[in-house]
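Have a look at the structure below, then the notes.
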Amino acid sequence: MDMSSAIHATVSAGSKGDVLSSYAETYDRSIREPELFWADQIGRIYWQVPPAVVLDASHPPFRRWFVGGLTNLCYNAVDRHVTDRGDQLALVAISTETNTTREITYRELHDEVNRFAAILTHLEVGKGDRVIIYMPNVAEAAFAMLACARIGAIHSVVFGGFAAHNLAVRIDDAEPKLLITADAGMRGGKVIPYKPLVDKAIEESMAPPRNVLVVSRGLDPDLAWMPGRDHDYWAMRDRLADARVPVEWLESNEPSYLLYTSGTTGRPKGVQRDVGGYAVALALSMETVFDIAPGQVMFSTSDVGWAVGHSYNVYGPLLLGATSLLYEGLPICPDAGIWWSLCAKYGVRTMFSSPTAIRVLKKSDPDFIHRHDLSQLKYLFLAGEPLDEPTAEWIAQALGKPVIDNYWQTETGWPAITLQPGLEMRPVKFGSPGFPNLGYKMKVVDEHTGQRVKPGQKGVLVFELPLPPGFMTTIWRDDKRYITSYFQHFRECVYSSLDWAIQDEGGYTFILGRTDDVINVAGHRLGTREIEESVAECSDVAEAAVIGVPDEIKGQVPVVFATLRGATAEQGARTNAANAMRQSVENRLGALARPARVYIVNALPKTRSGKLLRRSLQALVMEKDPGDLSTLDDPNSLEEVRGALRRGPDAGS
Ligand code: AMP
16 MDMSSAIHAT VSAGSKGDVL SSYAETYDRS IREPELFWAD QIGRIYWQVP PAVVLDASHP
76 PFRRWFVGGL TNLCYNAVDR HVTDRGDQLA LVAISTETNT TREITYRELH DEVNRFAAIL
136 THLEVGKGDR VIIYMPNVAE AAFAMLACAR IGAIHSVVFG GFAAHNLAVR IDDAEPKLLI
196 TADAGMRGGK VIPYKPLVDK AIEESMAPPR NVLVVSRGLD PDLAWMPGRD HDYWAMRDRL
256 ADARVPVEWL ESNEPSYLLY TSGTTGRPKG VQRDVGGYAV ALALSMETVF DIAPGQVMFS
316 TSDVGWAVGH SYNVYGPLLL GATSLLYEGL PICPDAGIWW SLCAKYGVRT MFSSPTAIRV
376 LKKSDPDFIH RHDLSQLKYL FLAGEPLDEP TAEWIAQALG KPVIDNYWQT ETGWPAITLQ
436 PGLEMRPVKF GSPGFPNLGY KMKVVDEHTG QRVKPGQKGV LVFELPLPPG FMTTIWRDDK
496 RYITSYFQHF RECVYSSLDW AIQDEGGYTF ILGRTDDVIN VAGHRLGTRE IEESVAECSD
556 VAEAAVIGVP DEIKGQVPVV FATLRGATAE QGARTNAANA MRQSVENRLG ALARPARVYI
616 VNALPKTRSG KLLRRSLQAL VMEKDPGDLS TLDDPNSLEE VRGALRRGPD AGS
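Mapping the sequence shown onto this note's numbering, position 651 (from 1) lands on 666, and the numbers just tick up by one.
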């Protein structure tokens with residue numbers, strides 16, 4: 016569809032698109048006439064060259080939005096605001112670990128990003144090159160992302176809590192030209208060196224970056240430099256203090272970034288995002304979902320290493336000319352009032368966090384909330400994992416504000432199911448994130464037939480084509496895996512979320528957990544296969560099965576059942592082996608993945624064809640019916656597991 020005349024009209028008018036009316040009407044239009052709907056949204060961002068075609072869906076399941084348009088995420092997030100909002104705060108980076116607050120205006124952000132971009136070009140990074148950013152949640156991580164976007168380099172932020180092996184796997188897949196890191200992060204007052212992990216990951220990697228840029232925070236006195244490879248950020252920044260780097264205009268569908276996420280295999284998937292579609296979707300959602308206008312303040316407590324951090328700590332608020340708060344530290348340090356004191360100090364309008372964080376806060380007296388002036392705070396959004404009713408009710412009552420559950424995935428890039436107070440506030444129904452977001456043609460289907468199930472019936476949550484702007488475009492360098500991972504579960508070519516769901520008579524959707532072997536620990540997605548592979552690294556382990564079991568704070572935690580090579584009778588030896596397994600996972604994947612408990616058994620429940628029956632294991636742990644066991648190979652294995660559960664874990668508690 017050639018929309019150039021409509022687009023020119025929208026862009027030149029500088030409008031935000033049609034005035035959006037009620038949710039039902041707007042949603043309906045976004046589904047019935049996606050091209051017209053999204054053509055109306057194009058003017059939300061600046062285009063150096065407007066798109067020629069709104070949507071090219073000629074090669075499903077792929078689609079290209081805003082074809083031919085030239086734009087740039089950094090220009091839209093930074094440069095565009097310098098004239099009108101130069102003195103307004105763009106980013107406030109608070110660390111209760113180092114006790115620092117950095118208030119950065121749009122003009123200062125422009126300077127910092129230009130310096131950073133100059134460093135990148137100096138280190139020979141150019142358009143299309145990958146840059147891995149392995150950083151704590153500090154301002155320089157955001158500068159690095161924006162600088163990459165400025166020059167058309169593809170950033171891939173790796174969560175700082177991941178260990179060396181996890182980083183190495185991502186290095187090998189992304190083949191970065193440069194890796195940006197810090198000397199250390201901090202957690203709960205403890206310094207956590209990053210650089211030794213980078214050195215170890217590079218040693219393990221098959222495609223190491225030529226250069227490493229180190230942002231030293233003065234936290235690690237033993238910081239070691241490898242001459243020729245490692246570069247000091249501060250020295251380079253001084254040398255390039257006045258640098259200006261031109262913006263690289265990118266075609267809307269060129270890659271902006273990669274973000275790795277866990278799947279059912281041990282190999283993480285490089286979720287690839289575009290430029291123009293992503294920017295338009297974020298700009299729309301800032302208004303419709305998060306109800307933020309330019310100049311207002313948003314506080315997302317996410318780490319920049321996650322999808323929420325990309326979209327609503329960095330790009331979303333800045334695209335709009337809003338102010339974004341970035342936080343390094345625990346939610347309860349120096350006390351459980353810290354986040355609310357920041358809301359009061361900066362006049363935060365919309366706050367975004369996770370159910371796990373609220374469960375942590377729930378252990379404290381709500382007076383920590385009440386003693387702060389929260390008159391400007393309008394909403395609390397929570398995402399990343401199921402929001403249980405007691406937690407939602409507690410925080411809603413303590414705050415006296417709407418608490419909005421928000422469903423999305425790394426793949427979607429922005430909320431897929433949510434209430435939209437910026438458009439029309441519908442009543443909150445605890446346990447449900449609400450209704451599909453604009454452009455998301457959602458349905459719940461039978462797991463076998465792929466047919467839509469009736470309201471109230473459980474099925475798999477899928478999205479019909481075309482997927483909206485902002486949604487992932489493919490898996491990095493692996494179109495085939497993109498198709499097999501997401502689009503071949505049913506006869507009809509639809510995106511499978513791999514989540515169970517129920518839609519009620521009123522249209523509210525409830526998410527019931529994953530259909531695959533992925534677990535969600537404190538809002539972070541982990542593949543059980545990745546953990547099993549790390550357990551199997553221990554030489555005395557014969558085989559391991561990992562499942563997620565409910566946890567009061569973290570939602571789910573990993574639990575290991577393992578068989579050992581040779582005899583396992585002696586308890587001391589079993590405890591040592593079980594502890595070694597927990598340590599191995601922590602060393603390879605990070606503390607987040609550390610198993611809560613390890614049980615050593617003589618046999619694992621498997622099918623005759625050798626497939627681990629993780630669901631039966633999970634049912635046994637939860638004292639439920641283990642389900643269909645017709646394919647079970649060794650009936651004794653169930654007794655083994657029951658016996659181990661009665662005895663208690665060999666490590667963990
Ligand atoms: P990630 O890609 O790490 O953000 O994880 C996405 C997964 O987290 C989804 O597939 C869901 O299983 C889960 N998830 C995210 N948001 C919610 C929510 N609001 N309610 C229930 N589950 C959620």
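For glycine and all other residues, C-beta sits at the position ideal for the given N, C-alpha and C.
Considering residue i, what are the terminal residues of the beta strand (DSSP E) in which it resides?
i, result
"LEU635", "Not the beta strand (DSSP E): LEU635 falls in the alpha helix (DSSP H), residues 629-636."
"TYR61", "Counting along the chain, TYR61 falls outside any beta strand (DSSP E), and DSSP gives it neither H nor E."
"TYR342", "338-343"
"SER356", "No beta strand (DSSP E) contains SER356, which is instead part of the alpha helix (DSSP H) from 353-361."
Who are the Cβ neighbours of residue i in its own chain at under 7 Å, not counting the five residues just before and after it?
i, result
"ILE373", "LEU397, THR406, ILE410"
"GLY176", "GLY605, ALA606, LEU607"
"VAL656", "PHE576, VAL616, PRO620, LEU632, LEU635"
"ARG506", "GLY465"
"GLY200", "PRO151, GLY175, ILE207, TYR209"
"ALA298", "ARG59, ILE60, LEU334, LEU335"
"LEU392", "CYS358, VAL363, ARG364, MET366, LYS416"
"ARG130", "ARG252, LEU255, ALA256, ALA258"
"GLY667", "ARG597, PRO610, ALA611, ARG612, VAL613"
"ASN602", "ALA178"
"ALA133", "LEU255, ALA258, VAL260"
"GLY658", "none"
"GLY32", "Only weak support is given to the placement of GLY32: the predicted model assigns it a pLDDT of 46, under 50, and the question is left unresolved by the model."
Smallest Cα separation from residue i: which of the options?
i, options, result
"VAL574", "ILE119, ARG630, GLU404, LEU414", "ARG630"
"MET150", "THR136, THR524, ALA178, TYR422", "ALA178"
"GLY528", "SER447, ASN591, ASP214, ALA666", "SER447"
"VAL213", "LYS205, GLY204, PRO223", "PRO223"
"GLU426", "GLU439, SER511, LYS456", "SER511"
"THR276", "LEU628, VAL550, LEU541, ARG609", "LEU541"
"CYS348", "LEU376, GLN435, SER369", "LEU376"
"TYR272", "ALA537, ALA189, LEU628", "ALA189"
"ALA157", "VAL140, ARG78, TYR330", "TYR330"
"GLY437", "ALA308, PRO65, LEU653, ALA593", "ALA308"
"ALA154", "ALA164, ILE119, GLY141", "ILE119"
"PRO191", "VAL172, VAL550, ASP198, ALA197", "VAL172"
"LYS205", "LEU345, SER300, ARG44", "LEU345"
"GLY428", "PHE445, ALA413, GLY243, TYR293", "TYR293"
"SER645", "ARG623, TYR394, TYR523", "ARG623"
Strictly by DSSP, which residues pair up with residue i?
i, result
"MET201", "VAL206"
"GLY285", "TYR275"
"TRP515", "VAL475, GLY528"
"ARG78", "For ARG78, which the question treats as bridged, DSSP gives no partner whatsoever."
"SER37", "Partner(s): none; SER37 has no beta bridge."
"LYS621", "LEU627"
"ASN91", "The partner list for ASN91 (beta bridge, DSSP) is empty, contrary to what the question assumes."
"GLN571", "PRO565"
"MET366", "PHE314, LEU395"
Residue i and residue j look like a contact to me (Cβ under 8 Å); what is the Cβ gap, rounded to whole Å?
i, j, result
"GLU547", "SER599", "That belief does not hold up - the Cβ atoms of GLU547 and SER599 are roughly 11 Å apart, past 8 Å."
"GLU400", "ASN535", "5 Å"
"ARG185", "ILE147", "7 Å"
"ASN226", "LEU161", "About 19 Å; that fails the 8 Å criterion."
"SER267", "GLY285", "Actually they do not touch by this definition, with Cβ atoms about 20 Å apart."
"PRO49", "LEU35", "About 15 Å separates the two Cβ atoms, so there is no contact after all."
"PRO483", "GLN518", "Contact flag wrong, Cβ pair sits at about 19 Å."
"ALA216", "ALA183", "4 Å"
Can you name the start and end residues of the alpha helix (DSSP H) that residue i belongs to?
i, result
"LEU476", "Segment 473-478 is the beta strand (DSSP E) holding LEU476; no alpha helix (DSSP H) there."
"SER500", "494-501"
"MET301", "291-303"
"GLU558", "No alpha helix (DSSP H) holds GLU558; the beta strand (DSSP E) holding it covers 556-566."
"ARG122", "121-137"
"MET160", "154-166"
"LYS469", "LYS469 -> no alpha helix (DSSP H), and no H or E assigned at all."
"MET596", "586-604"
With a CB to CB cut of under 6 Å and the five nearest residues on each side skipped, what residues in its chain are close to residue i?
i, result
"PRO430", "VAL304, ASN421, TRP423, ASN452"
"HIS125", "VAL93, VAL97"
"GLY29", "Confidence is the limiting factor: at GLY29 the pLDDT is only 35, short of 50, which leaves the residue's position unreliable, though a coordinate-based value still follows. Contacts found: none."
"PHE314", "LEU340, VAL363, MET366"
Skipping 5 residues on each side, what residues in its chain have a beta carbon closer than 8 Å to that of residue i?
i, result
"ASP187", "SER220, MET221, ALA222"
"ILE490", "LYS284, GLY285, VAL286, GLN287, ARG496, TYR497, SER500"
"TYR38", "GLN435, LEU438, GLU439, ARG441, PHE450"
"SER20", "Confidence at SER20 is low in this model, with a pLDDT of 42, below 50, so the placement of that residue should be treated as unreliable; the coordinate-derived value is given next. Correct list: empty, nothing qualifies."
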